[in-house]
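Chemist:
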Amino acid sequence: MLSKLDTILSEAKELINSANDSSTIESVEVKYLSKKGALTEVLKSLGKIPGEQRKEVGQKANLIKKEITELLDAKKSSLNISSDSSKCNFDLTLPGKSPRRGGIHPIIKEMYALNDAFHSLGFEVYDGPEISSESFAFDSLNFPEDHPARESMDTYWLDGYENNSGANRLCLRPHLTGGSVRYMLQNKPPFRFVYPGRVFRNESTDASHERAFFQYEALIVDKEVPFSSVRVLVNTILEKVFGRTVETRMRSGFFPFVEPGFEIDMQCLVCEGKGCSVCSHVGWIELMPGGPPHPNVLKAGGIDPEIWQGAYINIGLDRLVMMKYGIDDVRLFHSTDLRFLSQFN
Ligand SMILES: [Zn+2]
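At position 228 of the sequence shown (counting the first as 1) the number is 269 in the numbering used here, and the numbers step up by one without a gap.
1. C309: beta carbon under 6 Å from a heavy atom of ligand 1?
2. To the nearest angstrom, how far is it from the Cα of K106 to the Cα of S376?
3. Within the present structure, is the beta-carbon of V319 separated from the nearest heavy atom of ligand 1 by less than 6 Å?
4. Label A341 either buried or exposed according to how many other C-beta atoms from any shown protein chain fall within 10 Å of its C-beta, with 16 as the threshold for buried.
5. Between S383 and the rest of its own chain, which residues show a CB-CB distance below 8 Å, the 5 nearest in sequence each way excluded?
6. With respect to the beta strand (DSSP E) encompassing T227, which residues constitute its N-terminal and C-terminal limits?
7. Short check: CB of L182 to CB of T218, under 7 Å?
8. Using the C-alpha atoms, what's the distance from S59 back to L43?
9. Whose CA, out of E82, G238 and K229, lies closest to the CA of Q350?
10. For P185, which residues in the same chain have their Cβ closer than 8 Å to its Cβ, ignoring the five residues on either side in sequence?
11. What does a CB cutoff of less than 6 Å around R290 pick up in its chain, not counting 5 residues either side in sequence?
12. Going by DSSP, what residues sit across from P267 in a beta bridge?
13. Examine the Cβ distances between the segment 135 to 143 and the segment 84 to 100 and report whether three or more of them are shorter than 8 Å.
14. DSSP three-state call for A60: helix, strand or coil?
15. Quick one: grab the DSSP three-state call for H250.
16. So, at 7 Å on beta carbons, what are the nonlocal neighbours of P215 in its own chain, with the 5 sequence-adjacent residues on each side left out?
17. Report the residue from M225, E97 and L279 whose alpha carbon sits nearest the alpha carbon of L155.
18. I'd like to check one pair, S249 with V319: are the Cβ atoms closer than 7 Å?
Written as structure tokens, this is what we have:
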């Protein structure tokens, strides 16, 4: 065994001396020092050698291992090879890969654009929590206790609050309007503000319906808020969003929190009014319900309806973005499909 070690050392010395490139050095390293290298094999077999001899062979093997390592290091430095680069098989002169850059989601982008547009018209931007209560979502918005709309909103009620009611029954907000009451309770009129955000409905999804989607609501409260000025405001905002005049129509609608209620539809820009899956083949998209706040809603916000009046506008933000870019399926927004999302960066 001792003579075998002498042979290993002399062979290794010879190979190292004659080596003049990194791949030869590497192969010597593998041949003697790797897990299956000749020297490692000797050290592994020590258990089979009798007592006294084992000690002698072990010591000698370790000395040889040290000597070969030192010789390899000396050779590497003489050849100007660092330990790391000797293991590097890459061409370091190749250009690097630039990391993929993130971008802002198209809905959030549009939200920011609307914030700017409304801000330039004197509106404050307000934010409220996504978890609401029955009190803000329904009670304060003039929904009678047995009103079917409470059920038709398909609200996600939070577990553990089933047996409570009012402020103690929590839900994911089914609409933003409850947030306006929070604002009214904290501020004195006159004021005008917008409050964008995500809302949640437990309903089946299709090309134009999602369980989580974005709304963009505005409320003006003043001593006099003429209907005509609301119409002008809506048209101004739509023009800013689309960069051109958009066909709209106004019709009456019923919502418990407004009196009288209206709905503004815009002509479907995906099909230019011809009919497609986005507009359910009618050529028009319900874009924003609204109307003057019901006196009970103003009262819930601590505002005297005898002195103050107002106007709500509630924009369906997802639909607005779909119209702007001609997107025919709302589910794409939450699909996390980077091929879709990267188009907007
Ligand atoms: Zn259409």
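All C-beta atoms in this analysis are idealised placements derived from N, C-alpha and C, irrespective of residue type, glycine included. Note that the structure is a prediction, hence the values are computed from the model and not measured.
Modeler: The structure says:
1. If you number the sequence shown from 1, residue 309 lands on position 268. Checking the Cβ of C309 against ligand 1 gives yes.
2. Here residue 106 refers to the residue found at position 65 when the sequence shown is read from its first residue. Here residue 376 refers to the residue found at position 335 when the sequence shown is read from its first residue. Distance between the alpha carbons of K106 and S376 is about 58 Å.
3. Numbered from 1 along the sequence shown, position 278 holds the residue referred to as residue 319. For V319, the shortest C-beta to heavy atom distance toward ligand 1 is below 6 Å.
4. Here residue 341 refers to the residue found at position 300 of the sequence shown. Result: buried.
5. Looking up residue 383 in the sequence shown gives position 342. These residues qualify, in order along the chain: G144.
6. If you number the sequence shown from 1, residue 227 lands on position 186. Before going further, note that residue 227 is Gln rather than Thr in the sequence given. Run containing Q227: none in the beta strand (DSSP E); it sits in the alpha helix (DSSP H), T218 to Q227.
7. Residue numbering aside, residue 182 sits at position 141 when the sequence shown is read from its first letter. Residue numbering aside, residue 218 sits at position 177 when the sequence shown is read from its first letter. Their beta carbons are under 7 Å apart, which means L182 touches T218 by this criterion.
8. As a position in the sequence shown, residue 43 is number 2, starting the count at 1. As a position in the sequence shown, residue 59 is number 18, starting the count at 1. Approximately 25 Å between the Cα atoms of the pair.
9. Start at 1 with the first residue of the sequence shown, and residue 350 comes out as number 309. Of E82, G238 and K229, the residue nearest in Cα terms is K229.
10. Along the sequence shown, read from residue 1 onward, the residue named residue 185 stands at position 144. For P185, where only same-chain residues beyond five positions count, the Cβ hits under 8 Å are P297.
11. Your numbering for residue 290 matches position 249 in the sequence shown. Same-chain partners within the cutoff: D306.
12. In the sequence shown, the residue the question calls residue 267 occupies position 226. Partner(s): none; P267 has no beta bridge.
13. With fewer than three CB-CB distances shorter than 8 Å, the segment 135 to 143 does not count as touching the segment 84 to 100.
14. In the sequence shown, the residue the question calls residue 60 occupies position 19. A60 falls in the coil class under three-state DSSP.
15. Here the question's residue 250 lines up with position 209 in the sequence shown. DSSP places H250 in strand when its eight states are reduced to three.
16. On the sequence shown, residue 215 is found 174 positions in, with the first residue counted as 1. Beyond the five residues adjoining it in sequence on each side, P215 comes within less than 7 Å, by CB distance, of A178, M194, T196, V240, F241 and R242 in the same chain, given in chain order.
17. Numbered from 1 along the sequence shown, position 114 holds the residue referred to as residue 155. Out of M225, E97 and L279, L279 has the C-alpha closest to the C-alpha of L155.
18. By 1-based counting over the sequence shown, the position of residue 319 is 278. By 1-based counting over the sequence shown, the position of residue 249 is 208. For V319 and S249, yes; Cβs fall inside 7 Å.
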